[in-house]
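Trainee: Structure below; questions to follow.
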Amino acid sequence: MAGANSWSLPKPRPNGPPFFSRSQISTVLHQVGVLLELNGANPFRTRSYLNGSRTLSAMTNDLYEYVSNGTLVDIKGIGKGLASGITQAVEEGDWPKSWAELFETTPSGLIEMLGIPNLGPKRIKMMHDELGVENIAELAAAAEAGLIEPMKGFGKKSQQKIIDGIELLHRFHARRRLNIGQRYGEAFEALISGIPGVIKAQLAGSTRRRKETIGDLDIVLAVDLDRHEAVTKSILGLQGIADVKGAGDSKVSLILDTSLFSDGFQLGHIDAQVLDAIGGDAYEQLESGGTIDAQIRLVEPHHFPYTLAYFTGSVEHNIRLRKRAIERGLRLNEFGLIPDEKAGGLKGIEAAQYSLLANDEADIYRHLELNYVVPELREDTGEIEAAESGDLPELISYSNIRGALHNHTTLSDGAASLEQMANAAIQMGWSWLGISDHSQSLKVANGVGPDALLAQGKLIHRLNQQWDKDGTDFRIFQGVESDVLAGGKLDYSDDILATLDHVIASVHAITKWRARDEVTNTEELIKTMENPYTTILGHPTGRILQGRDGFPVDMHEVLRATAELINDGHTKAIELNASPYRLDLDWRLCKYAKELGVPISINPDAHSLAGLFDVHHGVQIARKGWLEKGDILNSKSADELSAYFSG
DNA sequence: GCCGTTTTCGGCCCGACTGTTTTCAGTCG
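Just so you know, we're using my numbering here: the first sequence kicks off at 388 and counts up by one.
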């Protein structure tokens, strides 16, 4: 969960019940769980709050219905305790006293400290209790002054690790965006693959699951036992290693830097608004001097599928698999799947000599009577159930993409002309491209006035005619990225809007929207969708990954309202902004949009030719969000899309 | 705090690594 800054309990909406939304309750449960951790509570108690939060965030039914029927306890993972707290909040607008006290008595600086690598709640609490440390700045000062080292259970190394960890946190907020992780991970994986003795090398962890941000890199290697030492030695000689944190026979911990990339680390063109949110020019400097942690694990080939599955995660998915194994008289660990009676008292790798054989991960799922689950779906958001019943989705792939909407040109703040963008799309094998420059109110992005927009329309018309005459299978759709004005109004008069193929409505007054409450924002977004000229809601929450949180909004509600509009015959879709800095709509909501029948448009929001390639990032996230070919606009042919726009 | 074909107690996924210890606690995935 992003942004640990200044947690506080939300205020009840004025006209309840319900006084709080499902997403608000979910957030509070998560925060209570973390605060309990920091207060040294029973870890299982902590977990039940975190589980409860997860359950609610994945839940798509109306929470208030459960509350008013008194059926909350029927939900698995919600017991008497959580149910009574939730009920009190939703029905009376009042948080349980014990929860409120946690918020009041826990310094918010402690929450931020959880972001420091290798520092968890126990030691944070200890330093708070013994040294009076209340925030990261005070912790840094205490470490620099040598106050940590003499404490029981700490030492010189832990003190230095804290100093280093704070430095890392300040530079990168500890986590990195997926695209950065993939570039480091894939480059290093390729280097390792070339080492003699390495039978297989595979990037695992959250990068393989395509999480939008990642902590560090996990790479699993299949290596014969007698080659482990030689391979480890070779790894330590590879380029790109800034530091070796540890090197044993089965695990190597490294810090990688940009010397991994022979031709340097280039970021490419970044949309000015995005760049602003992630630190401006200093950001590029930061990334070029950046580092990333990597863990390499060496196992024998017959363990490889188990180790790969284990380190791919997620933790929640693995827990479900292990429980399933237990129900079948089996034990699952990172080395094997072992029948109980054979394992006896043996543990770990010792027990694994009796493991069932697995040539690949699919075999592991087969042993557990499940269909194979691709890494993107391993988040325990219903994939186990679907794998059991045979209802796993047939996920989209890049080959389904025939074009993309939401692209900018030099007419507003793009770096390439209309013709250049179109030619690039043709080169990519697409059969259509949607152009949507910024609307007139967005002065900082050189927003387009009505006359220039109409002129662009004429140019597009001419180009389309030309391609038609040439027999070139390509078409441009003219849209606009309209600012959302007060009351869900769009940025042009109706007669101008009527000339366009599509209108992407995007909120850009982020500061104002972030300062407002969830209810107001939700209503405004719904009004925006209700505007007859709105076709697509652009970057729905305005978040910038590792830059800023989105504005508060109940996207479930917005999606439900959108579904109703679609049922009434309107043409509406939601953007999955494919920029690796945004990836907004969040993948967690894609699955719900799909269930409601709300189409998703994977939009690169390209501000340059290279920006069009961001569609690849969007496809990855769409897959993570369970989307199939029929759920996205990008798989339509030009004729199908044209028909879709005209309703 | 949740859960239950061992249901009101006593479990809760499992193992490795690190740094600190001399048998273990904390953290991570």
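All C-beta atoms in this analysis are idealised placements derived from N, C-alpha and C, irrespective of residue type, glycine included.
None of these values were measured; they are calculated from a predicted model.
Count the other CB atoms, across all protein chains shown, that sit within 10 Å of the CB of G519; report buried if there are 16 or more and exposed otherwise.
Mentor: It counts as exposed.
Trainee: With DSSP as the reference, label T922 as helix, strand or coil.
Mentor: Three-state result, T922: coil.
Trainee: Distance check for V894 and L972, CA to CA, integer angstroms please.
Mentor: Cα to Cα, L972 sits roughly 13 Å from V894.
Trainee: Could you tell me the alpha carbon to alpha carbon distance between E756 and V585, rounded to whole angstroms?
Mentor: Straight-line Cα distance between these residues: approximately 31 Å.
Trainee: Could you give the first and the last residue of the continuous beta strand (DSSP E) run that contains F864?
Mentor: Per DSSP, F864 belongs to the beta strand (DSSP E) from R862 to D870.
Trainee: Any idea what DSSP makes of K543, helix, strand or coil?
Mentor: K543: helix per DSSP, three-state reduction.
Trainee: Within the chosen definition, does the region 966-986 reach the region 1007-1016 through at least 3 CB pairs nearer than 8 Å?
Mentor: Yes, since at least three Cβ pairs between the region 966-986 and the region 1007-1016 fall closer than 8 Å, the two stretches touch.
Trainee: Identify which residue in Q589, L565, E775 and H957 has its Cα closest to the Cα of D603.
Mentor: Of the candidates Q589, L565, E775 and H957, the one whose C-alpha sits nearest the C-alpha of D603 is L565.
Trainee: According to DSSP, is R564 helix, strand or coil?
Mentor: R564: strand per DSSP, three-state reduction.
Trainee: Return the chain-ordered list of same chain residues with a C-beta closer than 6 Å to the C-beta of R597, the five sequence neighbours on each side being excluded.
Mentor: If we look at R597 and ignore the five residues flanking it on each side, its Cβ neighbours are E763, Q1007 and K1011.
Trainee: Looking at Y741: is its Cβ nearer than 7 Å to the Cβ of A730?
Mentor: Cβ distance < 7 Å, so Y741 and A730 count as in contact.
Trainee: How many Å lie between F541 and M513 at the Cα?
Mentor: Looking at the two C-alpha atoms, the distance is approximately 10 Å.
Trainee: Determine the extent of the alpha helix (DSSP H) in which G472 is found, giving its start and end residues.
Mentor: Run containing G472: K467 to E479, per the alpha helix (DSSP H) assignment.
Trainee: Measuring CA to CA, which of R409, W394 and S395 is closest to V906?
Mentor: Considering only alpha carbons, the answer is R409.
Trainee: In whole angstroms, what separates the C-alpha of A832 from that of V419?
Mentor: For A832 and V419, the distance between alpha carbons rounds to 41 Å.
Trainee: Who are W819's beta bridge partners in DSSP?
Mentor: The partner list for W819 (beta bridge, DSSP) reads G790 and R862.
Trainee: Is DSSP giving H515 helix, strand or coil here?
Mentor: Correct three-state label for H515: helix.
Trainee: Distance check for S828 and N720, CA to CA, integer angstroms please.
Mentor: C-alpha separation (whole angstroms): 57 Å.
Trainee: With burial defined as no fewer than 16 other Cβ atoms inside 10 Å of the residue's Cβ, what is the status of Y759: buried or exposed?
Mentor: Label assigned to Y759: exposed.
Trainee: Compare the C-alpha of T414 against each of G925, S440, I725 and L685 and name the closest.
Mentor: Closest option to T414, Cα to Cα, is S440.
Trainee: Taking just the CA atoms, how far does A470 sit from K463?
Mentor: Between K463 and A470, the C-alpha separation is close to 11 Å.
Trainee: To the nearest angstrom, how far is the alpha carbon of N787 from that of A809?
Mentor: Spanning the two alpha carbons is a distance of roughly 19 Å.
Trainee: Could you give the residue range of the beta strand (DSSP E) that holds D857?
Mentor: Looking at the DSSP string, D857 is not in any beta strand (DSSP E); the run it does join, the alpha helix (DSSP H), is P837 to D857.
Trainee: Restricting to Cα atoms, I'd like to know which of D904, F691, F648 and Q660 is closest to D992.
Mentor: It is Q660 whose Cα lies nearest to the Cα of D992.
Trainee: In terms of alpha-carbon separation, which member of A803, G801, S880 and D860 lies closest to D838?
Mentor: That would be S880, whose Cα lies nearest to the Cα of D838.
Trainee: Can you say whether Q589 is buried or exposed, counting buried as having 16 or more other CB atoms within 10 angstroms of its CB?
Mentor: Burial call: buried.
Trainee: Mapping DSSP to helix, strand and coil, what is Q653?
Mentor: Q653 falls in the coil class under three-state DSSP.
Trainee: Run through DSSP, which three-state label would I989 get?
Mentor: Three-state DSSP puts I989 in a strand.
Trainee: Can you find the residues in the same chain that come closer than 6 Å, C-beta to C-beta, to D644, ignoring five residues on each side of it along the sequence?
Mentor: Once the five neighbours on either side are set aside, the close Cβ partners of D644 are A629 and T678.
Trainee: Leaving out five residues on either side along the sequence, give the residues of the same chain with a beta carbon under 8 Å from the beta carbon of N392.
Mentor: With a pLDDT of only 47 at N392, under 50, the local geometry of the prediction cannot be trusted, and the value read off the model is given with reservation. Taken in chain order, the residues that qualify are S495 and E499.
Trainee: What are the boundary residues of the beta strand (DSSP E) that S893 is part of?
Mentor: Start and end: H889 to S893.
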